[in-house]
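So the protein sequences, as listed, match chains F and D.
In this text, residue positions in the first sequence follow the numbering used here: the first is 1, and each later residue adds one.
In this text, residue positions in the second sequence follow the numbering used here: the first is 1, and each later residue adds one.
Every residue gets a Cβ at the ideal spot worked out from N, C-alpha and C, and that includes glycine.
To start, the structure under review is shown below, and the notes come after it.
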Amino acid sequence: MIRLRKLARAASLLTTPLAPEDILSLFNPVFSARQLRGVVTRVVPETADSATIFFRPGRGWQAHLAGQWARIGVELDGVRHWRSYSLSAPAGQDPAITVTDMGAVSGALVRGTKPGDVLFLAPPQGDFVLPEHPRPLLMLTAGSGITPVMSMIRTLVPHRPDSDVVLIHTARTAADTIFREELAELADQFPNLRVTHWFTAESGRLDFTSAADLDRLCPDWRQRAAYACGPEGFLNDAEALWEAEAEDAQQAAASSGTLTIERFSASLAGGAGHDGGLVTFEASDREVEADGDTPLLDVGEDAGVLMPSGCRMGICHSCLIPLRAGHVRDLRTNEVHGEPGQLIQTCVSAAAGPVNLDL
Amino acid sequence: MTIVSNKPDLSDADTSGSADTAKVVTVAKTRPGALAETGSPLLRPPAAAHLSDEQVAELGRELDAIKDDILAKRGSADAAYIRRMIKIQRGLELSGRALLLVSKKKPAWIAGTALLSFAKILENMELGHNILHGQWDWMRDPDIHSTTWEWDFVTPARSWQHTHNDLHHRWTNVVGKDNDIGYNLLRMDPDQEWKPFNLGNPLYNALLAPVFEWGIAIYDLELVDYKEGRKSKEALTKDLKALGRKALKQFTKDYAATPAVAMLTGSGKQALYGTLTANAVRNVWAHAVIFCGHFPEGTDTFTEEMVEGETRGDWYVRQMIGSANISGSKFMHLMTGNLSHQIEHHLFPDLPSNRYAEVQPKVQEICKRYGLPYTTGPLLKQVGSTWAKIFKLALPPKKA
């Protein structure tokens with residue numbers, strides 16, 4: 001490895017200002033000096049609107065833990081978009097994401113991806129992972145929330161006969177249930193996995209306002225380490241139930257189970273039209289209220305932040321700063337846009353709702 | 001106990017919907033950069049003196065519409081174009097350099113030097129210049145981005161972006177504000193005061209052409225600003241260090257590493273001549289194209305009065321009458337990095353270069369309709385016209 005690095009440095013004498021990887025990318029698309037890439041090897045449809053995409057990552061990827069997610073960059077109409085997707089493959093195997101069509105980016109991934117396509121990647125991360133020490137587990141999942149849990153079940157159940165996993169999965173109908181066949185096979189084959197499907201089209205929502213439903217589906221749920229993944233409302237309800245139980249248990253001086261949640265962090269609400277918002281310069285640790293018509297460049301400078309700047313009219317791109325969260329309005333076109341990580345021209349962008357900047 | 005693990009933006013909520021509803025046409029009070037929508041400069045340039053404030057504002061709106069049209073169309077075909085160009089350029093560079101490794105054989109030297117020259121021209125103009133302008137930033141690809149790109153040219157990309165994108169494009173052809181008029185070396189405008197030093201105008205220009213990248217590198221140091229106290233010593237030291245590091249790398253590649261590898265086949269000396277020639281060819285070509293951008297007969301320069309109170313429409317007018325195009329084939333346009341569409345490039349510096357050809361007839365039509373000059377001509381004619389000016393301005397102005 002060290003010899004390889006020396007070789008790369010020697011080669012870069014011949015390729016500067018490019019890196020040797022830039023030349024190698026002529027022959028293999030996963031080579032890049034700047035960002036991790038992967039080549040799609042297989043696409044397997046799961047339900048009518050979901051698919052599993054297997055890929056071979058380039059150098060720099062690290063093996064994922066069961067339950068982790070990765071940021072995936074996809075190009076729509078020439079423009080890079082980043083989304084986070086849970087890895088559904090078991091730990092120790094080639095990575096794969098299972099994606100459900102919920103918008104433009106996921107839709108393009110589910111319907112437009114074919115073997116040989118290049119995906120842009122960030123290494124796997126996340127703390128929604130299996131406990132270090134064996135414990136009886138309860139998995140509560142809804143819809144596509146099954147994805148990280150599937151990676152956990154695939155990792156744990158076939159290889160650890162001493163494991164004890166109960167999965168309660170809710171989906172609209174049987175046809176909408178991702179991994180339904182594989183879950184049935186695993187449950188047949190391994191007595192340490194018990195699967196309960198809950199179809200909301202038939203039975204309504206799983207009720208977390210009292211412990212009744214859970215008591216019926218999994219009587220020993222209080223003794224299990226619980227994991228939940230699903231939409232916001234589902235997680236809030238589960239969280240409330242566990243908190244209530246914890247209070248009761250505290251009064252009775254007994255112990256209660258833990259609940260680990262995979263939550264999709266709430267994005268800043270995009271203000272419509274000309275609303276300003278609170279602008280946060282994260283690295284400078286400064287916050288300032290801005291109106292919807294003042295360029296972020298002026299807002300930052302007025303707040304004493306050292307802002308890169310140039311022509312101040314949107315042509316020279318000297319003022320680009322990465323957006324961390326929120327939306328901005330292009331003062332030239334009135335277009336409201338913004339994605340975490342996107343570089344924005346502060347001289348022609350104003351806050352549209354709260355905005356966090358990486359500066 | 002509840003453990004919350006945050007995973008950002010899996011929800012994939014589309015923001016485009018809200019963007020559409022927000023697209024109401026409103027007239028901003030002032031455009032950023034303090035260019036007003038309406039009003040007039042203290043003095044309108046003579047070529048545009050016949051236009052009323054309303055006409056200039058209308059012209060501005062028409063040009064905005066041309067830009068918006070391209071922005072709406074820009075997409076995966078454009079992305080594929082720049083990626084294809086990058087691949088072609090790297091392929092040419094790799095084959096050129098490989099041939100120079102065996103350049104003891106004459107045909108290998110000729111082919112290698114030609115391919116490397118071609119590659120360096122593409123790299124400098126269609127890739128470097130345009131990517132560093134931010135023409136491809138919209139793709140959000142860190143490999144093809146104005147903030148990450150570095151080019152095969154001695155001046156560091158960041159230094160050049162400041163003097164070029166910011167100063168030259170903002171103050172195009174304003175005498176006293178745009179130092180690109182003569183690059184502090186040549187007398188390129190009659191309003192620049194004549195000094196005996198200027199007698200050497202043609203000589204300096206001829207000497208500059210083959211080492212043009214060094215002229216640009218020194219120019220980007222802004223030594224005049226330093227001397228006159230507008231640039232701090234720290235800033236100059238920083239720029240000098242950056243230039244030193246960059247130049248060392250460039251020299252090592254072309255004049256040490258490549259010949260050293262070629263020595264294995266006994267072609268070391270020939271390889272050195274090859275890279276020297278390729279750099280000189282690129283420099284002479286870039287010099288010729290760039291001098292055709294603002295110096296041929298028919299292009300105007302401006303006084304500071306003419307930019308005082310300038311509106312957005314007036315800014316557009318100044319870009320058009322201060323620039324000149326080069327006419328020619330598709331291949332010719334590619335070889336100039338589409339700077340043959342200098343007028344269109346100055347109107348819309350950050351539109352992708354592959355779109356300038358499409359915009360060109362529309363801009364020419366606008367110039368015609370508003371009675372504004374639109375300077376264009378074949379390369380040789382424009383180069384000749386530029387040289388004529390260089391000779392003429394070497395001499396002191398005739399006393400009236």
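Residue contact with chain F for D:N165: present (Cβ-Cβ distance below 8 angstroms to some residue of chain F).
For the 8 angstroms CB-CB criterion, D:I321 and D:P373 form a contact.
Per DSSP, reduced to three states, the secondary structure at F:E301 is helical. Within the stretch 224-300 of chain D, the complete alpha helix (DSSP H) runs of at least 4 residues fall at 233-251, 258-262, 268-294.
Comparing C-alpha distances from F:L217 to each of F:H81, F:D237, F:A89, F:T170 shows the shortest one belongs to F:T170. Interface with chain F (8 angstroms Cβ-Cβ cutoff): D:G134 is included.
Scanning F:S151, F:L137, F:D285, F:L119 for the CA closest to the CA of F:G92 turns up F:S151.
Shown here, F:C319 sits in coil according to DSSP, grouped into three states, outside any helix or strand.
Inclusion of F:I97 and F:S88 in the CB contact set at 8 angstroms is warranted, their separation being smaller than that value. The beta-carbon of D:E150 is placed less than 8 angstroms from the nearest beta-carbon of chain F. As for any alpha helix (DSSP H) of minimum length 4 sitting wholly inside the stretch 197-238 of chain F, the runs are 200-203, 212-217, ordered along the chain.
The DSSP-derived three-state label of D:Y370 is coil. Put simply, of D:P142, D:A324, D:G182 the residue whose alpha carbon is nearest the alpha carbon of D:E193 is D:G182.
Under a 10 Å Cβ-count criterion, D:P349 is classified as buried, with 16 or more other Cβ atoms of the shown protein chains found around its own Cβ.
Each of F:R172, F:Q251, F:G60, F:L130 was checked against the Cα of F:A48, and the nearest Cα belongs to F:R172. Distance from the Cα of F:D248 is smallest, within the candidate group F:E232, F:F234, F:S210, for F:S210. For F:Q345, the enclosing beta strand (DSSP E) has its first and last residue at 343-345. Within the stretch 3-14 of chain F, those residues whose Cβ lies closer than 7 angstroms to any Cβ of chain D are, in chain order, L13, L14.
Residue burial annotation: F:H133 is exposed, with fewer than 16 other C-beta atoms found within 10 angstroms of its C-beta. D:W138 has no beta-bridge partner at all, per DSSP.
Note that the stretch 130-139 of chain D does not touch the stretch 288-306 of chain D; fewer than 3 beta-carbon pairs, one per stretch, sit closer than 8 angstroms. The beta carbon of D:R170 falls within 8 angstroms of a beta carbon belonging to chain F, placing the residue at that interface.
Buried is the label assigned to F:V166, since at least 16 other Cβ atoms lie within 10 Å of its Cβ. In terms of Cβ geometry, F:N192 and F:P148 do not form a close pair [threshold 8 angstroms].
For F:R286, the enclosing beta strand (DSSP E) starts and ends at 286-290.
Runs of the beta strand (DSSP E) lying entirely within the stretch 315-384 of chain D, each at least 3 residues long, are 324-327, 375-378 in chain order. Beyond the five residues adjoining it in sequence on each side, D:L240 comes within less than 8 angstroms, by CB distance, of L221 in the same chain, given in chain order. For the pair F:A184 and F:T141, the Cα-to-Cα distance works out to about 16 angstroms. Minimum Cα-Cα distance from D:Y370 among the listed residues D:I86, D:P196, D:Y316, D:A242 corresponds to D:Y316.
Any Cβ of chain F closer than 8 angstroms to the Cβ of D:T265 would place that residue at the interface, and such an atom is absent.
Beta bridge pairing from DSSP links F:G73 with F:W82, F:F120. Annotation note: the stretch 122-195 of chain D contains the following uninterrupted alpha helix (DSSP H) runs of length 4 or greater, listed N- to C-terminal: 157-161.
Closest in C-alpha terms to D:L94, from the list D:C292, D:M85, D:L116, D:A111, comes D:L116.
Rounded to the nearest angstrom, the gap between the Cα atoms of F:I153 and D:W149 is 44 angstroms.
Under the 8 angstroms criterion on CB atoms, F:P57 is classed as non-interfacial with respect to chain D. The CB of D:W138 comes closer than 8 angstroms to the CB of G78, V79 in chain F, given here in chain order.
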